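Residue numbers (the numbering used here): 1 to 84.
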């Protein structure tokens with residue numbers, strides 16, 4: 001899977017998570033796991049795929065970092081506050 005250039009990272013993750021959900025038989029309650037898997041796959045593909053400038057270009061680690069942050073942000077938005 002190769003990331004689409006110019007497409008918003010969150011949209012790439014959303015599309016891949018949907019594909020994973022469909023491939024898994026559309027199970028309920030797996031949204032977070034599918035989102036995290038999609039973000040990991042996109043981050044890995046950003047690191048593995050040369051972007052024209054050769055391996056190790058600054059763009060690749062930045063894409064991986066953005067994907068990791070998207071996972072963290074998604075997890076944080078799903079956590080409920082603990083009562084004191």
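Virtual Cβ for every residue (Gly too), placed ideally from N, Cα, C. From a predicted model like this one, the values you see are computed outputs, not experimental measurements.
{"Query": "Between residue 42 and residue 13, which are expected to be in contact by the criterion C-beta below 8 angstroms, what is the C-beta distance as a whole number of angstroms?", "Result": "6 angstroms"}
{"Query": "Considering only residues of the same chain and omitting the five flanking positions on each side of residue 38, which have a CB-CB separation below 7 angstroms?", "Result": "13, 16, 17, 20"}
{"Query": "What would DSSP say about residue 54, mapped onto helix, strand or coil?", "Result": "Bear in mind that a pLDDT of 48 at residue 54, under 50, signals an unreliable position, so the number given afterwards is only what the model happens to contain. It is coil, neither helix nor strand."}
{"Query": "Please determine, among 45, 35, 44, 47, the residue with the shortest C-alpha to C-alpha distance to residue 11.", "Result": "35"}
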